[in-house]
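First up is the structure itself, then whatever we jot down about it.
There are 2 protein chains.
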Amino acid sequence: MGITKTALFTSEENELAIVLKALGHPARIAIMNYLTKMNECICGDLVNELPLAQPTISQHLKELKNAGLIQGTIEGTSICYCINPDGFEKVKSFFDVLTISIQTKHKSCC
Amino acid sequence: MGITKTALFTSEENELAIVLKALGHPARIAIMNYLTKMNECICGDLVNELPLAQPTISQHLKELKNAGLIQGTIEGTSICYCINPDGFEKVKSFFDVLTISIQTKHKSCC
DNA sequence: CTAATTAATCGTAATATTGCAATATACAAA
DNA sequence: TTTGTATATTGCAATATTACGATTAATTAG
């Protein structure tokens, strides 16, 4: 992108944006959906499941991990990935506040 | 970015990614938070509130509108923006399914 | 009509993202 | 040690995003 001025926003806004940005890609949504369905998986499972090359999947996994949305544990030769519940705390409260606002205040605006 | 292969994913994955990507920027989170607090606003309000130039804010508003997250109505010389509840349907169900999965299945994985 | 106000659009520079081939790393088995 | 398996990293081309100055468009006030 361009010069994203993270310094000009609150850390809450920045942190939330990082998590939502990590989810803002179809491949990463697909990974999260797969993890939701299967509970856990290794990189190779996703390579078989998704129409992307192994390095690309690995990169997407890294971004999801950096955002705190998944966690990986070494298990012999492979790495077992699963959802990290902590990553969704911020997102959950953001949408909770939003939902309440919509339900109460959003009677008839523009 | 690069060559985002939207054609290779389901339309659900793509649509959800569009909405979450739109929310994946601190300025747009700030706009949503401001709208949550104030219920409605015009572009000029945000220009005063956020440390960004008017064309930049206008651009962010356009993206939020394209993603179906806000709506704008012409009101004289200005345009009144407010949250569009419809935009959150997909996101809500995505997180609902995820939350249930975390609560039930995520007992002890990797 | 003219000036003022508000917001969108255009053009463009700076930077970030995506995807993959090639390669590297790490570990287990033979 | 060598081989095979699983995943991460590097490097790079193609493309997308962000930000803003300058301009335009649309509406209202005088």
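Heads up: the sequence lines are chains H and R, in that order. For the first sequence, our numbering begins at 1084 and goes up steadily by one. For the second sequence, our numbering begins at 1084 and goes up steadily by one. Each residue gets a CB set at the ideal place from its N, CA and C atoms; glycine is no exception.
Any heavy atom of the ligand FAD inside 6 Å of the beta-carbon of residue i?
i                  : result
Ile1153 of chain H : By its list of ligands, the structure shown contains no ligand whatsoever, and the ligand FAD lies outside what it can speak to.
Below 8 Å CB to CB, which residues in the same chain sit around residue i once its five sequence neighbours on both sides are set aside?
i                  : result
Ala1105 of chain H : Arg1111, Glu1146, Leu1147, Asn1149, Ala1150, Leu1152
Ile1162 of chain H : Ile1125, Cys1126, Gly1155, Thr1156
Thr1139 of chain H : Ala1110
Would you say residue i reaches chain H, if we count a Cβ-Cβ gap shorter than 7 Å as a contact?
i                  : result
Asn1167 of chain R : no
Lys1188 of chain R : yes
Asn1149 of chain R : no
Does any CB atom of chain R fall closer than 7 Å to the CB of residue i?
i                  : result
Asn1131 of chain H : no
Ile1112 of chain H : yes
Cys1138 of chain H : The sequence shown places Pro at residue 1138 of chain H, not Cys. By this cut-off, Pro1138 of chain H is not an interface position.
Run down chain H in chain order and give the residues with a C-beta less than 7 Å from the C-beta of residue i.
i                  : result
Pro1109 of chain R : Thr1089, Phe1092, Glu1096, Asn1097, Ala1100
Leu1103 of chain R : Leu1103, Leu1106, Gly1107
Using only CA atoms, which one of the options lies nearest to residue i?
i                  : options                                    : result
Glu1096 of chain H : H:Lys1173, H:Ile1140, H:Gly1155            : H:Lys1173
Ser1176 of chain H : H:Leu1099, H:Thr1119, H:Thr1160, H:Ala1113 : H:Leu1099
Ile1086 of chain R : H:Phe1171, H:Val1102, H:His1108, H:Thr1089 : H:His1108
Asp1169 of chain R : H:Glu1158, H:Asp1128, H:Thr1182            : H:Thr1182
Ser1094 of chain R : H:Ala1113, H:Thr1089, H:Phe1092, H:Thr1093 : H:Ala1113
For residue i, return the contacting residues in chain R, with the cut-off set at a CB-CB distance below 8 Å.
i                  : result
Ser1141 of chain H : Correct list: empty, because the minimum Cβ distance to chain R is about 16 Å.
Closer than 8 Å by beta-carbon distance: list the chain H residues that pair up with residue i, in chain order.
i                  : result
Leu1181 of chain R : Met1115, Thr1119, Ile1166, Phe1171
Determine the chain R residues that contact residue i at a beta-carbon separation under 7 Å, and present them in chain order.
i                  : result
Ile1185 of chain H : Ile1166, Pro1168
Mind checking which residues open and close the beta strand (DSSP E) that includes residue i?
i                  : result
Gly1155 of chain R : 1153-1158
Ile1162 of chain R : 1161-1166
Whose Cβ in chain H lies nearer than 9 Å to the Cβ of residue i?
i                  : result
Leu1144 of chain R : Those do not exist, as Leu1144 of chain R stays about 13 Å from chain H at its closest Cβ, beyond 9 Å.
By Cβ distance below 6 Å, which residues in the same chain neighbour residue i in space, the five residues on each side in sequence not counted?
i                  : result
Ile1101 of chain H : Ala1150
Gly1159 of chain R : none
Residue range of the alpha helix (DSSP H) that residue i falls in?
i                  : result
Ile1125 of chain H : Element bounds for Ile1125 of chain H: not the alpha helix (DSSP H) but the beta strand (DSSP E), 1123-1125.
Within a Cβ cutoff of 7 Å, which residues of the same chain sit near residue i, ignoring the five residues on either side of it in sequence?
i                  : result
Phe1132 of chain R : At residue 1132 of chain R the sequence reads Glu, which differs from the Phe that was named. Here the set comprises Tyr1117.
Ser1141 of chain R : Cys1126
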